[in-house]
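Scroll down for the structure; my scribbles are underneath it.
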Amino acid sequence: MLSDHKRLYIITGKGGVGKTALSLAFTKYLRTQGVKANYLNFTTANLDKPKHDIQEIIQAKKMDVPLTALNLYDCASGYVAKKLKSQTIAKFVVKTPFFKALISMIPGFNYTIYLGQALELLKQDPDQVFVLDSPSSGHAITMLEATKNFGEIFQSGSLFDDTQKMLSHIYAPGFAQINILTLPILMAVNEAMELKEQLKSIAPIDSKVVCNNSFARLEGATEMDLPNFLQKKLDTERLIEKEYGEQIQSFIPHSLRNIDEEIVNDLVPHMGQLV
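Letter by letter, the sequence shown follows residues 584 to 858 of this note's numbering.
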């Protein structure tokens, strides 16, 4: 059984880098290692009811990946109920125009609520591990920055105390890790490096840069007689490895599969690099 894993893995990066497939594959890998890992998804950015056709959740269920899907309404009403000690009053408060406006007006307030609920679930079950499929690099920045800012804005009171508890948990050594996904393209890798530095300035959380969809890591690729465009791709990856090799912790090989489930299963054996 894997013993040196974190409790919360945040998978982030620009759109189109393969965050969902890798998050699902990493969750499956952790499960094969005896870790009680769940794929974590924040389903809505507002208090509206979550849609029934969220693609990431459909994929997780189809692949039998253990799933924790949180929606903002339930998380917010649960938090308010805990403070007011009344579920009925909490549901009324969360439905008020004032509370909805509050969610919209304060940048990242929704993500702070989500993060608080995720940490509460981890606290309730010491064996639970979450792999958060973060929609974008901006989402990860906003989530961590907003939580930090709340602690600075509210200098006292219940919200301040709760925020400080959240920060003490997520900043604890060995608790969380951010895996920043990128593609083997020079500009994309440079952006990933900048994101790593930006996240480092916001929160003292371990982070890794992971280069996904690497053609050079595909078995036998470097020995093939390749067409010109693929040879250029291979040359670019070699240049990236030469310039950034020490800063990129993992290279995940390209999958030749076309079906989502097959791609995820193809990635699972390589997921040990993300721990």
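From the three backbone atoms N, C-alpha and C, an ideal C-beta is built for every residue, glycine too.
Would you mind reading off the limits of the alpha helix (DSSP H) that contains residue i?
i, result
"Gln700", "692-707"
"Val676", "670-678"
"Tyr827", "811-827"
"Phe609", "602-615"
"Leu778", "769-785"
"Glu639", "638-645"
With residue i and residue j assumed to form a contact (beta carbons below 8 Å), what rounded beta-carbon distance in angstroms separates them?
i, j, result
"Ala604", "Leu850", "6 Å"
"Leu613", "Gln642", "That belief does not hold up - the Cβ atoms of Leu613 and Gln642 are roughly 17 Å apart, past 8 Å."
"His588", "Val714", "Their Cβ separation, rounded to whole angstroms, is 10 Å, which puts His588 and Val714 out of contact at 8 Å."
"Ile761", "Leu702", "About 15 Å; that fails the 8 Å criterion."
"Ala759", "Leu591", "4 Å"
"Thr746", "Phe733", "5 Å"
"Ser833", "Leu813", "So it is not a contact: roughly 22 Å between Cβ atoms."
Leaving out five residues on either side along the sequence, give the residues of the same chain with a beta carbon under 7 Å from the beta carbon of residue i.
i, result
"Leu778", "Ser720, Ile763"
"Gly599", "none"
"Ser741", "Lys666"
"Asp580", "Any question about residue 580 goes unanswered here, given that the chain covers just 584 to 858."
"Met646", "Leu607, Glu844, Val847"
"Lys816", "Phe798"
"His837", "Asn796, Ser797, Phe798, Leu801"
With DSSP as the reference, label residue i as helix, strand or coil.
i, result
"Lys632", "coil"
"Val858", "coil"
"Asn848", "helix"
"Ser833", "strand"
"Tyr662", "helix"
"Gly740", "coil"
"Asn621", "strand"
"Tyr754", "coil"
"Ser797", "strand"
"Ser838", "coil"
"Ser790", "strand"
"Ser586", "coil"
"Ile686", "helix"
Within 10 Å of its beta-carbon, does residue i have 16 or more other beta-carbons around it, so buried, or fewer, so exposed?
i, result
"Ala563", "One cannot answer for residue 563 here, as it falls past the ends of the chain, which runs 584 to 858."
"Glu728", "buried"
"His853", "buried"
"Phe681", "exposed"
"Ile842", "exposed"
"Arg840", "exposed"
"Gly617", "exposed"
"Ser524", "Outside the shown range of the chain (584 to 858) lies residue 524, about which nothing can therefore be said."
"Thr679", "exposed"
"Leu782", "buried"
"Asp744", "exposed"
"Glu639", "buried"
"Glu820", "buried"
"Gly691", "buried"
"Lys611", "buried"
"Leu705", "buried"
"Gly699", "buried"
Given the structure, does residue i come close to the ligand GTP, in the sense that its CB is under 8 Å from one of the ligand's heavy atoms?
i, result
"Asp647", "In the structure on display, the ligand GTP does not appear, and there are no ligands present to speak of."
Short of 8 Å in beta carbon distance, which residues of its chain neighbour residue i, apart from the five on each side in sequence? Order them along the chain.
i, result
"Leu667", "Ala673, Val676"
"Lys731", "Leu750, Ile785, Ala786"
"Asn629", "Leu655, Lys683, Ile686, Ser687, Asn693"
"Thr595", "Lys602, Ser717, Ser719, Ser720, His722, Ala723, Ile761, Asn762, Ile763, Leu764, Leu778"
Return the chain-ordered list of same chain residues with a C-beta closer than 6 Å to the C-beta of residue i, the five sequence neighbours on each side being excluded.
i, result
"Ile831", "Val792, Cys794"
"Ile823", "Pro767, Val772"
"Asn811", "none"
"Ala659", "Val677, Ile696"
"Ala804", "Phe798"
"Thr651", "Asn621, Leu623"
"Pro633", "Thr626, Thr627, Asn654"
"Ala775", "Ile763, Thr765, Val792"
"Pro649", "Asn621"
For the beta strand (DSSP E) that contains residue i, what are its first and last residues?
i, result
"Ile763", "759-765"
"Ile593", "591-596"
"Ala652", "650-653"
"Leu715", "711-716"
Taking 9 Å as the threshold (beta carbon to beta carbon), is residue i in contact with chain B?
i, result
"Leu698", "No chain B appears in the structure shown, which is made up of a single protein chain."
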